[in-house]
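Enquirer: In our numbering, the protein residues as written are 65 to 284. Virtual Cβ for every residue (Gly too), placed ideally from N, Cα, C. The structure under discussion is supplied below as structure tokens; questions concerning it will follow.
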Amino acid sequence: MTFDLFDALPADPDASPAIETLAPGAVVLRGFARDVEQDLLAAVRDVSAAAPFRNLITPGGLRMSVAMTNCGDAGWVSDRTGYRYDPVDPQSGEHWPAMPEVLRALARRAAEAAGYPGFAPDACLINRYLPGTRLSLHQDRDELDLRAPIVSVSLGLPATFLWGGLRRADRPDRIRLAHGDVVVWGGPSRLVFHGITPLADGDHPLTGHERINLTFRKTR
Ligand code: MD3
Ligand code: FE
Numbered sequence: 065m066t067f068d069l070f071d072a073l074p075a076d077p078d079a080s081p082a083i084e085t086l087a088p089g090a091v092v093l094r095g096f097a098r099d100v101e102q103d104l105l106a107a108v109r110d111v112s113a114a115a116p117f118r119n120l121i122t123p124g125g126l127r128m129s130v131a132m133t134n135c136g137d138a139g140w141v142s143d144r145t146g147y148r149y150d151p152v153d154p155q156s157g158e159h160w161p162a163m164p165e166v167l168r169a170l171a172r173r174a175a176e177a178a179g180y181p182g183f184a185p186d187a188c189l190i191n192r193y194l195p196g197t198r199l200s201l202h203q204d205r206d207e208l209d210l211r212a213p214i215v216s217v218s219l220g221l222p223a224t225f226l227w228g229g230l231r232r233a234d235r236p237d238r239i240r241l242a243h244g245d246v247v248v249w250g251g252p253s254r255l256v257f258h259g260i261t262p263l264a265d266g267d268h269p270l271t272g273h274e275r276i277n278l279t280f281r282k283t284r
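Next comes the structure, spelled out in structure tokens:
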């Protein structure tokens, strides 16, 4: 009689091939946003009609290659004075557009699937990448409540995501983020250094030559 190791393993009702753990606290949900892709892109178009994408200036005086806008009660901005979350879009002097319900609901659903129930983001930063656009290695630490995760949604062209350790000098790993992928970063992964390598050109059926990334944050 043969003994198959797999016969000895109980079925795991929570095991799903769509949930990959990258590191403690960090989970990739491949294709999780696909079922609402059209609604998400329509919402991004609405937000950017009211608060256009712009290339912010870093405190060091460099213009970022990523173009950004925001929706929600607060938006991430950078200028010569530093980084901050601001309820007002400095370009218009108006509040940022409200967070569309389809965005809020997706972020909550993804956080829950990753083990962070009750995620209530007050800010969504929307990044737009064109071929050649990159985001250099950084930490996200402008949020007051670092216990809450950050949920990121990738749409359009694929990108190579770099994620390192808690020190800038830690050699980063690379993962491919494709259309519809959602990543949830919390717990011990919340303060890892991360970035995006220069975007390769391509032609995506829904976004053409663009990659859009949404990051949902609880800033206070
Ligand atoms: C890990 N955005 O907006 S998303 C950012 O694809 C940012 O546009 C990248 O980094 C993008 O700040 C990466 C993945 C991501 C976002 C936030 C994180 C990973 C993170 C915060 C902490 C740890
Ligand atoms: Fe970041």
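Quick check: is any heavy atom of the ligand MD3 less than 8 Å from the C-beta of Asp234?
Expert: No, Cβ of Asp234 sits at least 8 Å from all heavy atoms of the ligand MD3.
Enquirer: Tell me the residue span of the alpha helix (DSSP H) that contains Glu165.
Expert: Here the alpha helix (DSSP H) through Glu165 covers Glu165 to Ala177.
Enquirer: Report all residues from its chain with a CB closer than 6 Å to the CB of Pro252; omit the five preceding and five following residues, and keep chain order.
Expert: Cβ neighbours of Pro252 beyond the five flanking positions: Pro88 and Gly89.
Enquirer: List the residues that DSSP assigns as beta-bridge partners of Val152.
Expert: Beta-bridge pairing links Val152 to His159.
Enquirer: Can you list the beta strand (DSSP E) stretches of 3 or more residues lying completely in the stretch 191 to 229, in chain order?
Expert: Within the stretch 191 to 229, the complete beta strand (DSSP E) runs of at least 3 residues are 199 to 202, 214 to 220 and 223 to 227.
Enquirer: I'd like to know if the stretch 251 to 271 and the stretch 183 to 199 are in contact, where contact means that at least 3 CB-CB pairs between them fall below 8 Å.
Expert: Result yes; three or more Cβ-Cβ pairs closer than 8 Å.
Enquirer: Does the beta-carbon distance from Leu221 to Leu278 come in below 9 Å?
Expert: Not closer than 9 Å, so no.
Enquirer: For Leu201, which residues from the same chain have a beta carbon less than 8 Å from its beta carbon, with the 5 sequence-adjacent residues on both sides left out?
Expert: The answer, listed in chain order, is Leu226, Gly228, Arg232, Pro236, Phe257, His258 and Gly259.
Enquirer: Helix, strand or coil for Glu84, going by three-state DSSP, please let me know.
Expert: Correct three-state label for Glu84: strand.
Enquirer: Taking the beta carbon of Thr85 as the centre, do at least 16 other beta carbons fall within 10 Å, making it buried, or is it exposed?
Expert: Thr85 should be labelled exposed.
Enquirer: Should Glu165 go down as buried or exposed, given a rule of 16 or more other Cβ atoms within 10 Å for buried?
Expert: Classification of Glu165: exposed, given that the 10 Å Cβ count is below 16.
Enquirer: Can His268 be considered in contact with the ligand MD3, in the sense that its beta carbon sits closer than 8 Å to one or more heavy atoms?
Expert: No, Cβ of His268 sits at least 8 Å from all heavy atoms of the ligand MD3.
Enquirer: Per DSSP, Val141 forms a beta bridge with which residues?
Expert: Paired residues: Arg148.
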